[in-house]
Every structure is written in C-alpha cells, then in structure tokens.
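Have a look at the structure below, then the notes.
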Amino acid sequence: MPDVKKRQKTEAAAGDASSSTGTGSSRTGRAAAPQVSTADIHLPGEETDEVPVYDTCDEIRKKINAHLKTPGLTAAQFCRDIYAQLRAPTVKCFQSKQLNDFRNKRGPNAGCASKVFYAAYVFFEKKRIAEGKPKSQHRLKMETTWPQGFDLENDGRGCVTVFDNEMPTVDQYGQLHIERIGPLHRL
Numbered sequence: 330m331p332d333v334k335k336r337q338k339t340e341a342a343a344g345d346a347s348s349s350t351g352t353g354s355s356r357t358g359r360a361a362a363p364q365v366s367t368a369d370i371h372l373p374g375e376e377t378d379e380v381p382v383y384d385t386c387d388e389i390r391k392k393i394n395a396h397l398k399t400p401g402l403t404a405a406q407f408c409r410d411i412y413a414q415l416r417a418p419t420v421k422c423f424q425s426k427q428l429n430d431f432r433n434k435r436g437p438n439a440g441c442a443s444k445v446f447y448a449a450y451v452f453f454e455k456k457r458i459a460e461g462k463p464k465s466q467h468r469l470k471m472e473t474t475w476p477q478g479f480d481l482e483n484d485g486r487g488c489v490t491v492f493d494n495e496m497p498t499v500d501q502y503g504q505l506h507i508e509r510i511g512p513l514h515r516l
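Counting with the working numbering, you get residues 330 to 516 for the letters of the sequence shown.
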C-alpha cells in the first residue's frame, strides 16, 4: 500500500476514534475552532440592521483573513456565521463567491455597499465585546471621523468634478479630499 494511502487510512481511523470519544476534532484532523458566543450581545440599531459601522472595508478584510486562518473554520461556515447577524436579511444567504468578491477588493470604501461588509462588521464587533477587548486606535479614530457611522452606500465609484489643478484622493478612513496640485490654468 502506498504511503499516502496508508497515512490517509490511519488518519481516518484516528479521526473516527477521536469523534467517538468526543474530543471535537474535525474531519480534517485539525482541532475545532473555539466558538465565542455572541448571542447575548446586542448592538444599538441591530434589530433593523442599522448598526453604525466604525471600521473601513480594508480593516474588515484584515479581520476576515485572520479569522479564516482559524483551524477547523471554513469559508462556508463563516458565511453562515455572519449571515446569522442580519435581522432583516434582503438576501437568502451569503455564498463563498460573495465573500471572495469582497475580500478581493482594495480600498477603504471598496465593497462598503455589500451586505457581507455590514454583517462581518457586526460579527467582529460582537466578538470583540464578548472577548472583552478594548477598541483599537483605528476604531477610535473612525468614531471621530465618522460620528454617524461609515458611509455604506457610496463606495467611491461615482464621479467627482474637480478643476485641472485639483486631484481627488481618499484617505485611509474612507473620506474624500480634494488636493490642490498647482495653479489653475486659464484657457
């Protein structure tokens, strides 16, 4: 019997033995991820899916990527976990493609209109509260920059009209700034 087949057979036997003893390992042999209960935590505006968001899309992508490295956690399970945060869902469920589309975007407000962004923010905010962690410096700065919460409708793909001596830029907090780059040219 080849070594690969032999190893797979012994891992399967070990997995069956551990599942019958209740150790909680997954089918892949990795330990199951410890779950933090977020069911008891309520955020203001959660009942109508209007929780003010105080993270940028880039920050949520960092948190998603770190969270998906948890042993035993799949992207499909994470999609189910964040979908459970919605109280008035407008979609049937989240697909892995929606998660990957959001993860592949770049920019502080790229993907802000996605329900994946909103649901992931609520999930990570509840997780932060459940673990008793303090607010990050980025979060505190976002609260002062966006007192009503991050803009969930304008993802920066719209038009901006500027003079020829101005250049629009978006900072790390998702705010649009018009910078002057030289004197105004007259025709």
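Using N, Cα and C, we set each Cβ at its ideal position, and we do this for glycine too.
Residue from the options whose Cα sits closest to the Cα of residue i
i	options	result
residue 432	506, 395, 378	395
residue 369	415, 506, 459, 493	459
residue 451	402, 421, 479	479
residue 509	444, 499, 501, 493	493
residue 417	470, 467, 374	374
residue 427	409, 437, 465	409
Sheet register partners of residue i (DSSP bridge)
i	result
residue 491	Paired residue(s): none; residue 491 is not in a bridge.
residue 474	Answer is none; residue 474 lacks a bridge partner.
residue 293	Here the chain comprises residues numbered 330 to 516, so residue 293 is not present and cannot be evaluated.
Residue i beta carbon near the ligand NAP (any heavy atom closer than 7 Å)
i	result
residue 451	Looking for the ligand NAP in the displayed structure turns up nothing, as the structure carries no ligands at all.
Pairwise C-alpha distance: residue j and residue i
i	j	result
residue 512	residue 381	40 Å
residue 488	residue 507	13 Å
residue 503	residue 411	23 Å
residue 485	residue 434	12 Å
residue 367	residue 470	25 Å
residue 457	residue 383	13 Å
residue 376	residue 404	25 Å
Enclosing alpha helix (DSSP H) for residue i [first to last residue]
i	result
residue 506	Looking at the DSSP string, residue 506 is not in any alpha helix (DSSP H); the run it does join, the beta strand (DSSP E), is 505-509.
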